[in-house]
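Have a look at the structure below, then the notes.
Residue numbers (the numbering used here): 511 to 889.
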(Lines of atoms letter the chains of each structure in order from A and count residues from 1; the text may use other names and numbers.)
(Lines give C-alpha, C1' and ligand atoms only; values in the text may rest on other atoms or scores of the structure.)
Protein backbone atom coordinates (compact mmCIF):
# COMPACT_ATOMS: atom_id res chain seq x y z
CA UNK A 1 0.00 0.00 0.00
CA UNK A 2 2.83 2.38 0.90
CA UNK A 3 4.59 1.72 -2.42
CA UNK A 4 1.41 2.57 -4.34
CA UNK A 5 1.04 5.87 -2.47
CA UNK A 6 4.70 6.72 -3.03
CA UNK A 7 4.43 5.99 -6.77
CA UNK A 8 1.32 8.21 -7.04
CA UNK A 9 3.03 11.04 -5.18
CA UNK A 10 6.19 10.58 -7.29
CA UNK A 11 4.27 11.54 -10.46
CA UNK A 12 3.84 15.34 -10.54
CA UNK A 13 0.25 16.65 -10.66
CA UNK A 14 0.94 18.45 -13.96
CA UNK A 15 2.06 15.21 -15.62
CA UNK A 16 -1.02 13.39 -14.31
CA UNK A 17 -3.29 16.09 -15.77
CA UNK A 18 -1.40 15.98 -19.09
CA UNK A 19 -1.70 12.18 -19.16
CA UNK A 20 -5.46 12.41 -18.48
CA UNK A 21 -5.89 14.96 -21.31
CA UNK A 22 -3.86 12.83 -23.74
CA UNK A 23 -5.82 9.66 -22.88
CA UNK A 24 -9.21 11.40 -23.11
CA UNK A 25 -8.55 14.02 -25.80
CA UNK A 26 -11.54 13.06 -28.02
CA UNK A 27 -14.22 13.13 -25.25
CA UNK A 28 -12.76 16.39 -23.87
CA UNK A 29 -12.82 17.96 -27.35
CA UNK A 30 -16.52 17.09 -27.67
CA UNK A 31 -17.31 18.40 -24.18
CA UNK A 32 -15.70 21.70 -25.25
CA UNK A 33 -17.68 21.78 -28.55
CA UNK A 34 -20.94 21.13 -26.65
CA UNK A 35 -20.17 23.81 -24.02
CA UNK A 36 -19.59 26.37 -26.81
CA UNK A 37 -22.51 25.33 -29.06
CA UNK A 38 -25.31 24.77 -26.49
CA UNK A 39 -25.69 28.45 -25.42
CA UNK A 40 -25.36 29.66 -29.05
CA UNK A 41 -28.01 27.20 -30.34
CA UNK A 42 -30.68 28.75 -28.10
CA UNK A 43 -32.35 25.41 -27.30
CA UNK A 44 -33.99 25.00 -23.90
CA UNK A 45 -32.61 22.47 -21.40
CA UNK A 46 -35.89 20.51 -21.50
CA UNK A 47 -35.79 20.21 -25.30
CA UNK A 48 -32.14 19.07 -25.26
CA UNK A 49 -32.73 16.44 -22.56
CA UNK A 50 -35.81 15.13 -24.41
CA UNK A 51 -33.86 14.84 -27.69
CA UNK A 52 -30.85 13.18 -26.03
CA UNK A 53 -33.06 10.62 -24.21
CA UNK A 54 -34.84 9.81 -27.51
CA UNK A 55 -31.53 9.34 -29.32
CA UNK A 56 -30.12 7.22 -26.49
CA UNK A 57 -33.06 4.83 -26.82
CA UNK A 58 -32.66 4.79 -30.60
CA UNK A 59 -28.88 4.29 -30.86
CA UNK A 60 -27.38 2.63 -27.75
CA UNK A 61 -28.37 -0.95 -28.66
CA UNK A 62 -26.68 -0.59 -32.07
CA UNK A 63 -23.45 0.79 -30.59
CA UNK A 64 -23.25 -1.95 -27.94
CA UNK A 65 -22.96 -4.48 -30.82
CA UNK A 66 -19.48 -3.11 -31.56
CA UNK A 67 -18.10 -4.38 -28.23
CA UNK A 68 -17.92 -8.08 -29.27
CA UNK A 69 -15.37 -7.73 -32.12
CA UNK A 70 -13.28 -5.28 -30.04
CA UNK A 71 -13.23 -7.91 -27.27
CA UNK A 72 -11.88 -10.44 -29.80
CA UNK A 73 -9.17 -8.03 -31.01
CA UNK A 74 -10.82 -7.37 -34.38
CA UNK A 75 -11.10 -3.61 -33.98
CA UNK A 76 -14.05 -1.46 -35.03
CA UNK A 77 -16.56 -3.57 -36.94
CA UNK A 78 -17.66 -1.52 -39.96
CA UNK A 79 -19.36 -4.75 -41.03
CA UNK A 80 -22.17 -4.11 -38.53
CA UNK A 81 -23.91 -2.59 -41.59
CA UNK A 82 -24.56 -6.19 -42.71
CA UNK A 83 -26.77 -6.75 -39.67
CA UNK A 84 -28.53 -3.44 -40.33
CA UNK A 85 -29.36 -4.60 -43.88
CA UNK A 86 -30.66 -7.93 -42.52
CA UNK A 87 -32.93 -5.99 -40.15
CA UNK A 88 -34.24 -3.84 -43.01
CA UNK A 89 -35.04 -6.85 -45.22
CA UNK A 90 -36.91 -8.45 -42.28
CA UNK A 91 -38.92 -5.24 -41.75
CA UNK A 92 -39.83 -5.07 -45.48
CA UNK A 93 -41.30 -8.60 -45.25
CA UNK A 94 -43.16 -7.73 -42.03
CA UNK A 95 -44.57 -4.56 -43.65
CA UNK A 96 -45.72 -6.65 -46.65
CA UNK A 97 -47.43 -9.17 -44.35
CA UNK A 98 -49.06 -6.25 -42.44
CA UNK A 99 -47.91 -7.45 -39.01
CA UNK A 100 -47.70 -4.29 -36.90
CA UNK A 101 -46.94 -3.20 -33.35
CA UNK A 102 -44.91 -5.28 -30.88
CA UNK A 103 -45.70 -8.58 -32.73
CA UNK A 104 -44.26 -6.99 -35.90
CA UNK A 105 -41.05 -5.96 -34.11
CA UNK A 106 -40.61 -9.43 -32.58
CA UNK A 107 -41.32 -11.16 -35.92
CA UNK A 108 -38.82 -8.85 -37.70
CA UNK A 109 -36.15 -9.71 -35.10
CA UNK A 110 -36.76 -13.45 -35.56
CA UNK A 111 -36.68 -13.10 -39.37
CA UNK A 112 -33.45 -11.09 -39.29
CA UNK A 113 -31.52 -13.82 -37.42
CA UNK A 114 -30.91 -16.26 -40.33
CA UNK A 115 -29.89 -13.38 -42.66
CA UNK A 116 -27.57 -11.95 -39.97
CA UNK A 117 -25.99 -15.33 -39.16
CA UNK A 118 -25.32 -16.04 -42.85
CA UNK A 119 -23.80 -12.59 -43.46
CA UNK A 120 -21.87 -12.71 -40.16
CA UNK A 121 -20.29 -16.07 -41.03
CA UNK A 122 -19.31 -14.79 -44.49
CA UNK A 123 -17.81 -11.62 -42.98
CA UNK A 124 -16.03 -13.56 -40.21
CA UNK A 125 -14.42 -15.99 -42.65
CA UNK A 126 -13.22 -13.14 -44.87
CA UNK A 127 -11.82 -11.27 -41.84
CA UNK A 128 -9.92 -14.41 -40.80
CA UNK A 129 -8.17 -14.24 -44.18
CA UNK A 130 -7.10 -10.64 -43.54
CA UNK A 131 -5.80 -10.69 -39.96
CA UNK A 132 -4.39 -7.33 -38.93
CA UNK A 133 -6.49 -5.49 -41.53
CA UNK A 134 -9.96 -6.29 -40.21
CA UNK A 135 -11.31 -2.74 -40.16
CA UNK A 136 -10.60 -1.82 -43.78
CA UNK A 137 -11.73 -5.32 -44.88
CA UNK A 138 -15.05 -5.06 -43.00
CA UNK A 139 -15.54 -1.58 -44.51
CA UNK A 140 -15.10 -2.93 -48.06
CA UNK A 141 -17.28 -6.00 -47.29
CA UNK A 142 -20.10 -3.65 -46.22
CA UNK A 143 -19.89 -1.92 -49.65
CA UNK A 144 -19.97 -5.28 -51.45
CA UNK A 145 -22.98 -6.59 -49.47
CA UNK A 146 -24.70 -3.23 -49.96
CA UNK A 147 -24.49 -3.89 -53.72
CA UNK A 148 -26.06 -7.34 -53.24
CA UNK A 149 -28.76 -5.79 -51.00
CA UNK A 150 -29.57 -3.17 -53.67
CA UNK A 151 -29.85 -5.93 -56.31
CA UNK A 152 -32.27 -7.94 -54.13
CA UNK A 153 -34.41 -4.97 -53.06
CA UNK A 154 -34.43 -3.11 -56.40
CA UNK A 155 -34.87 -6.00 -58.85
CA UNK A 156 -35.64 -9.31 -57.12
CA UNK A 157 -38.35 -8.21 -54.67
CA UNK A 158 -41.66 -8.26 -56.51
CA UNK A 159 -40.31 -10.20 -59.50
CA UNK A 160 -38.65 -13.30 -57.98
CA UNK A 161 -39.38 -12.76 -54.26
CA UNK A 162 -43.18 -12.30 -53.86
CA UNK A 163 -44.29 -8.91 -52.51
CA UNK A 164 -48.09 -8.52 -52.34
CA UNK A 165 -48.70 -4.89 -51.36
CA UNK A 166 -48.50 -2.31 -54.15
CA UNK A 167 -47.77 0.42 -51.55
CA UNK A 168 -44.30 -1.15 -51.11
CA UNK A 169 -43.54 -1.73 -54.80
CA UNK A 170 -42.33 0.71 -57.43
CA UNK A 171 -44.89 1.65 -60.16
CA UNK A 172 -43.20 -0.75 -62.62
CA UNK A 173 -44.43 -3.70 -60.48
CA UNK A 174 -41.15 -4.86 -58.92
CA UNK A 175 -38.53 -3.32 -56.66
CA UNK A 176 -39.17 -1.59 -53.32
CA UNK A 177 -39.96 2.13 -53.05
CA UNK A 178 -37.40 4.60 -51.69
CA UNK A 179 -39.38 4.92 -48.45
CA UNK A 180 -41.32 2.15 -46.69
CA UNK A 181 -43.80 3.45 -44.12
CA UNK A 182 -43.76 1.87 -40.65
CA UNK A 183 -46.42 4.27 -39.34
CA UNK A 184 -48.43 1.46 -37.67
CA UNK A 185 -45.24 0.31 -35.92
CA UNK A 186 -43.82 3.76 -35.12
CA UNK A 187 -42.45 3.96 -31.56
CA UNK A 188 -44.52 0.93 -30.48
CA UNK A 189 -41.65 -0.23 -28.25
CA UNK A 190 -40.88 3.32 -27.06
CA UNK A 191 -44.50 4.17 -26.18
CA UNK A 192 -45.16 0.97 -24.22
CA UNK A 193 -44.49 1.73 -20.52
CA UNK A 194 -43.32 5.26 -21.48
CA UNK A 195 -43.11 7.77 -18.62
CA UNK A 196 -43.32 11.56 -18.94
CA UNK A 197 -41.24 13.45 -16.38
CA UNK A 198 -41.21 17.25 -16.63
CA UNK A 199 -42.03 17.16 -20.34
CA UNK A 200 -39.30 14.59 -21.03
CA UNK A 201 -40.59 11.31 -22.50
CA UNK A 202 -38.62 8.33 -21.19
CA UNK A 203 -39.08 5.11 -23.23
CA UNK A 204 -38.89 2.72 -20.26
CA UNK A 205 -39.27 -0.54 -22.24
CA UNK A 206 -36.49 0.48 -24.66
CA UNK A 207 -34.16 1.23 -21.73
CA UNK A 208 -35.11 -2.09 -20.08
CA UNK A 209 -34.08 -3.89 -23.31
CA UNK A 210 -30.80 -1.90 -23.37
CA UNK A 211 -30.18 -2.68 -19.66
CA UNK A 212 -30.77 -6.40 -20.29
CA UNK A 213 -28.32 -6.29 -23.21
CA UNK A 214 -25.72 -4.56 -21.00
CA UNK A 215 -26.18 -7.27 -18.34
CA UNK A 216 -25.82 -9.93 -21.04
CA UNK A 217 -22.50 -8.36 -22.17
CA UNK A 218 -21.21 -8.23 -18.56
CA UNK A 219 -22.25 -11.88 -18.03
CA UNK A 220 -20.88 -12.97 -21.41
CA UNK A 221 -17.41 -11.57 -20.63
CA UNK A 222 -17.25 -13.98 -17.65
CA UNK A 223 -18.24 -17.08 -19.65
CA UNK A 224 -15.67 -19.43 -21.21
CA UNK A 225 -16.43 -18.10 -24.70
CA UNK A 226 -16.09 -14.51 -23.46
CA UNK A 227 -12.75 -15.33 -21.79
CA UNK A 228 -11.62 -17.04 -25.02
CA UNK A 229 -12.50 -13.91 -27.01
CA UNK A 230 -10.50 -11.73 -24.62
CA UNK A 231 -7.55 -14.13 -24.82
CA UNK A 232 -7.69 -14.06 -28.64
CA UNK A 233 -7.88 -10.26 -28.51
CA UNK A 234 -4.76 -10.02 -26.35
CA UNK A 235 -2.57 -12.48 -28.28
CA UNK A 236 -3.74 -14.91 -30.97
CA UNK A 237 -0.64 -17.12 -30.84
CA UNK A 238 -0.76 -17.51 -27.05
CA UNK A 239 -4.51 -18.26 -27.29
CA UNK A 240 -3.86 -20.88 -29.99
CA UNK A 241 -1.15 -22.50 -27.83
CA UNK A 242 -3.67 -22.60 -24.95
CA UNK A 243 -5.99 -24.73 -27.10
CA UNK A 244 -8.46 -21.99 -28.10
CA UNK A 245 -9.88 -22.27 -31.62
CA UNK A 246 -8.90 -18.75 -32.68
CA UNK A 247 -10.60 -18.62 -36.10
CA UNK A 248 -13.86 -20.06 -34.76
CA UNK A 249 -13.88 -17.62 -31.82
CA UNK A 250 -13.34 -14.65 -34.13
CA UNK A 251 -16.19 -15.78 -36.43
CA UNK A 252 -18.54 -16.15 -33.42
CA UNK A 253 -17.74 -12.58 -32.29
CA UNK A 254 -18.61 -11.20 -35.75
CA UNK A 255 -21.80 -13.32 -35.98
CA UNK A 256 -22.92 -12.07 -32.54
CA UNK A 257 -22.19 -8.46 -33.53
CA UNK A 258 -24.12 -8.89 -36.80
CA UNK A 259 -27.17 -10.57 -35.20
CA UNK A 260 -27.45 -7.94 -32.47
CA UNK A 261 -26.93 -5.08 -34.94
CA UNK A 262 -29.94 -6.49 -36.87
CA UNK A 263 -32.00 -6.23 -33.66
CA UNK A 264 -30.59 -2.74 -33.02
CA UNK A 265 -31.56 -1.58 -36.52
CA UNK A 266 -35.14 -2.77 -35.98
CA UNK A 267 -35.30 -0.81 -32.69
CA UNK A 268 -33.82 2.21 -34.51
CA UNK A 269 -36.30 2.07 -37.43
CA UNK A 270 -39.40 1.51 -35.26
CA UNK A 271 -38.42 4.75 -33.52
CA UNK A 272 -38.04 6.58 -36.86
CA UNK A 273 -41.32 5.21 -38.27
CA UNK A 274 -40.05 4.56 -41.81
CA UNK A 275 -37.30 2.82 -43.77
CA UNK A 276 -35.20 4.81 -46.22
CA UNK A 277 -34.79 1.60 -48.22
CA UNK A 278 -31.55 2.43 -50.03
CA UNK A 279 -29.82 4.70 -47.50
CA UNK A 280 -30.92 3.92 -43.89
CA UNK A 281 -28.01 1.53 -43.34
CA UNK A 282 -25.34 3.38 -45.35
CA UNK A 283 -24.06 5.70 -42.58
CA UNK A 284 -25.19 3.73 -39.53
CA UNK A 285 -21.83 1.99 -39.03
CA UNK A 286 -19.87 5.23 -39.38
CA UNK A 287 -22.00 7.15 -36.87
CA UNK A 288 -22.07 4.28 -34.34
CA UNK A 289 -18.28 3.90 -34.48
CA UNK A 290 -17.80 7.68 -34.21
CA UNK A 291 -20.10 7.80 -31.14
CA UNK A 292 -18.17 4.94 -29.48
CA UNK A 293 -14.83 6.70 -30.09
CA UNK A 294 -16.23 10.00 -28.78
CA UNK A 295 -17.02 8.15 -25.55
CA UNK A 296 -13.31 7.46 -25.05
CA UNK A 297 -13.06 3.99 -26.60
CA UNK A 298 -10.16 2.94 -28.80
CA UNK A 299 -9.59 0.32 -31.49
CA UNK A 300 -8.59 -2.31 -28.92
CA UNK A 301 -10.46 -1.24 -25.79
CA UNK A 302 -14.11 -0.27 -25.21
CA UNK A 303 -16.63 -0.48 -22.37
CA UNK A 304 -20.36 0.00 -21.81
CA UNK A 305 -19.55 3.34 -20.15
CA UNK A 306 -17.86 4.53 -23.37
CA UNK A 307 -21.09 3.73 -25.26
CA UNK A 308 -23.33 5.82 -22.98
CA UNK A 309 -20.91 8.77 -22.76
CA UNK A 310 -20.34 8.67 -26.52
CA UNK A 311 -24.06 8.73 -27.37
CA UNK A 312 -24.67 11.70 -25.04
CA UNK A 313 -21.73 13.78 -26.33
CA UNK A 314 -21.96 12.85 -30.02
CA UNK A 315 -25.71 13.38 -30.30
CA UNK A 316 -25.66 16.58 -28.25
CA UNK A 317 -23.26 17.90 -30.89
CA UNK A 318 -25.57 16.55 -33.62
CA UNK A 319 -28.55 18.42 -32.14
CA UNK A 320 -26.92 21.79 -31.47
CA UNK A 321 -24.43 22.08 -34.38
CA UNK A 322 -26.88 23.07 -37.19
CA UNK A 323 -28.61 25.71 -35.05
CA UNK A 324 -25.30 27.07 -33.70
CA UNK A 325 -23.88 27.10 -37.26
CA UNK A 326 -26.93 29.02 -38.53
CA UNK A 327 -26.61 31.66 -35.78
CA UNK A 328 -22.85 32.11 -36.23
CA UNK A 329 -22.69 32.13 -40.04
CA UNK A 330 -26.31 32.69 -41.09
CA UNK A 331 -26.33 29.35 -42.91
CA UNK A 332 -27.66 26.20 -41.16
CA UNK A 333 -25.92 23.99 -43.75
CA UNK A 334 -22.56 24.95 -42.20
CA UNK A 335 -23.63 23.13 -39.02
CA UNK A 336 -24.82 20.19 -41.13
CA UNK A 337 -21.44 19.96 -42.91
CA UNK A 338 -19.66 20.40 -39.59
CA UNK A 339 -21.29 17.42 -37.89
CA UNK A 340 -20.65 15.11 -40.87
CA UNK A 341 -17.05 16.35 -41.04
CA UNK A 342 -16.61 15.77 -37.29
CA UNK A 343 -17.92 12.16 -37.59
CA UNK A 344 -15.17 11.28 -40.07
CA UNK A 345 -12.57 13.42 -38.28
CA UNK A 346 -13.12 11.64 -34.95
CA UNK A 347 -12.56 8.22 -36.54
CA UNK A 348 -9.44 9.49 -38.33
CA UNK A 349 -7.98 11.08 -35.16
CA UNK A 350 -8.74 7.95 -33.09
CA UNK A 351 -7.04 5.67 -35.64
CA UNK A 352 -3.98 7.96 -35.87
CA UNK A 353 -3.71 8.10 -32.06
CA UNK A 354 -4.03 4.31 -31.80
CA UNK A 355 -1.35 3.73 -34.45
CA UNK A 356 0.97 6.33 -32.84
CA UNK A 357 0.52 4.73 -29.41
CA UNK A 358 1.16 1.26 -30.86
CA UNK A 359 4.38 2.40 -32.58
CA UNK A 360 5.53 4.21 -29.43
CA UNK A 361 5.02 1.03 -27.37
CA UNK A 362 6.96 -1.01 -29.96
CA UNK A 363 9.77 1.56 -29.91
CA UNK A 364 9.92 1.53 -26.09
CA UNK A 365 9.95 -2.29 -26.11
CA UNK A 366 12.78 -2.28 -28.67
CA UNK A 367 14.80 0.20 -26.58
CA UNK A 368 14.25 -1.91 -23.46
CA UNK A 369 15.47 -5.06 -25.26
CA UNK A 370 18.52 -3.17 -26.57
CA UNK A 371 19.38 -1.99 -23.03
CA UNK A 372 19.03 -5.53 -21.66
CA UNK A 373 21.34 -6.87 -24.40
CA UNK A 374 23.96 -4.18 -23.60
CA UNK A 375 23.82 -5.05 -19.90
CA UNK A 376 24.28 -8.75 -20.71
CA UNK A 377 27.29 -7.95 -22.95
CA UNK A 378 28.90 -5.87 -20.17
CA UNK A 379 28.52 -8.79 -17.76
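Glycine included, every Cβ here is placed at the ideal spot set by N, Cα and C.
On a predicted model such as this, the values are computed, not experimentally measured, just so you know.
{"query": "When you compare each of 690, 671, 620, 672 to residue 678 by their alpha carbons, which one comes out closest?", "result": "690"}
{"query": "Start and end of the beta strand (DSSP E) containing residue 689?", "result": "689-691"}
{"query": "Cα separation between residue 791 and residue 831?", "result": "23 Å"}
{"query": "Could you check which residue in 670, 710, 666, 683 has the C-alpha nearest to that of residue 554?", "result": "710"}
{"query": "On the criterion of 16 or more Cβ atoms from any shown chain inside 10 Å, does residue 618 qualify as buried, or is it exposed?", "result": "buried"}
{"query": "I need the straight-line Cα distance from residue 627 to residue 660, nearest angstrom please.", "result": "19 Å"}
{"query": "Could you give the first and the last residue of the continuous alpha helix (DSSP H) run that contains residue 718?", "result": "714-732"}
{"query": "Are three or more beta carbon pairs between the stretch 602-611 and the stretch 632-648 nearer than 8 Å?", "result": "no"}
{"query": "Against chain B, with Cβ distances strictly below 8 Å, would residue 787 count as a contact?", "result": "Any reference to chain B falls outside this structure, which holds one protein chain only."}
{"query": "Name the two residues that bound the continuous alpha helix (DSSP H) containing residue 536.", "result": "535-551"}
{"query": "Label residue 745 either buried or exposed according to how many other C-beta atoms from any shown protein chain fall within 10 Å of its C-beta, with 16 as the threshold for buried.", "result": "exposed"}
{"query": "Between residue 547 and residue 823, is the Cβ-Cβ spacing less than 8 Å?", "result": "no"}
{"query": "Quick one: measure Cβ to Cβ for residue 836 and residue 576, integer angstroms, because I've assumed they're closer than 8 Å.", "result": "Contact flag wrong, Cβ pair sits at about 32 Å."}
{"query": "Could you tell me which residues DSSP pairs with residue 667 in its beta bridges?", "result": "671"}
{"query": "What three-state label does DSSP hand residue 706 in the structure shown?", "result": "strand"}
{"query": "Please list the terminal residues of the continuous alpha helix (DSSP H) segment that includes residue 781.", "result": "756-782"}
{"query": "Can you tell me which of the three DSSP states residue 887 falls into?", "result": "helix"}
{"query": "Mark residue 880 as exposed unless 16 or more other C-beta atoms lie within 10 angstroms of its C-beta, in which case mark it buried.", "result": "exposed"}
{"query": "Provide the residue(s) that pair with residue 711 in DSSP beta bridges, ordered along the chain.", "result": "706"}
{"query": "By a C-beta neighbour count over all protein chains shown, 10 Å radius and 16 as the cutoff for buried, is residue 804 buried or exposed?", "result": "buried"}
{"query": "Starting from residue 787, trace the alpha helix (DSSP H) both ways and give me its first and last residue.", "result": "Where residue 787 is concerned, there is no enclosing alpha helix (DSSP H), given that its DSSP letter is neither H nor E."}
{"query": "Where does residue 875 fall in DSSP's three states?", "result": "helix"}
{"query": "Pull up the DSSP beta-bridge partners for residue 686, would you.", "result": "679"}
{"query": "The alpha helix (DSSP H) spanning residue 575 covers which residue range?", "result": "It is not in any alpha helix (DSSP H) - residue 575 carries neither H nor E in the DSSP assignment."}
{"query": "Does the contact criterion of 3 or more C-beta pairs under 8 Å hold for the stretch 687-707 versus the stretch 776-789?", "result": "yes"}
{"query": "Leaving out five residues on either side along the sequence, give the residues of the same chain with a beta carbon under 6 Å from the beta carbon of residue 770.", "result": "575"}
{"query": "Rounded to the nearest angstrom, what separates residue 525 and residue 532 at their Cα positions?", "result": "10 Å"}
{"query": "Whole-angstrom Cβ separation of residue 815 and residue 802, contact assumed at under 8 Å?", "result": "Going by Cβ atoms, the distance from residue 815 to residue 802 rounds to 11 Å, so no, they are not a contact pair."}
{"query": "Relative to the ligand PLP, is the shortest distance from any of its heavy atoms to the C-beta of residue 746 smaller than 7 Å?", "result": "Looking for the ligand PLP in the displayed structure turns up nothing, as the structure carries no ligands at all."}
{"query": "Short of 8 Å in beta carbon distance, which residues of its chain neighbour residue 776, apart from the five on each side in sequence? Order them along the chain.", "result": "597, 600, 601, 615, 618, 619, 622"}
{"query": "Within 10 angstroms of the Cβ of residue 885, are there 16 or more other Cβ atoms? Answer buried if so, exposed if not.", "result": "exposed"}
{"query": "Can you tell me which of 865, 855, 861 puts its alpha carbon nearest to the alpha carbon of residue 539?", "result": "855"}
{"query": "Let me check understanding here. Comparing Cα to Cα, which of 701, 704, 741, 784 lies closest to residue 763?", "result": "741"}
{"query": "For residue 825, count the other beta carbons within 10 Å of its own beta carbon; 16 or more makes it buried, fewer makes it exposed. Which is it?", "result": "buried"}
{"query": "Between the Cα of residue 779 and those of 794, 767, 625, spot the shortest distance and give me the residue it belongs to.", "result": "794"}
{"query": "What's the call for residue 522, buried or exposed, on a 16-neighbour Cβ count within 10 Å?", "result": "exposed"}
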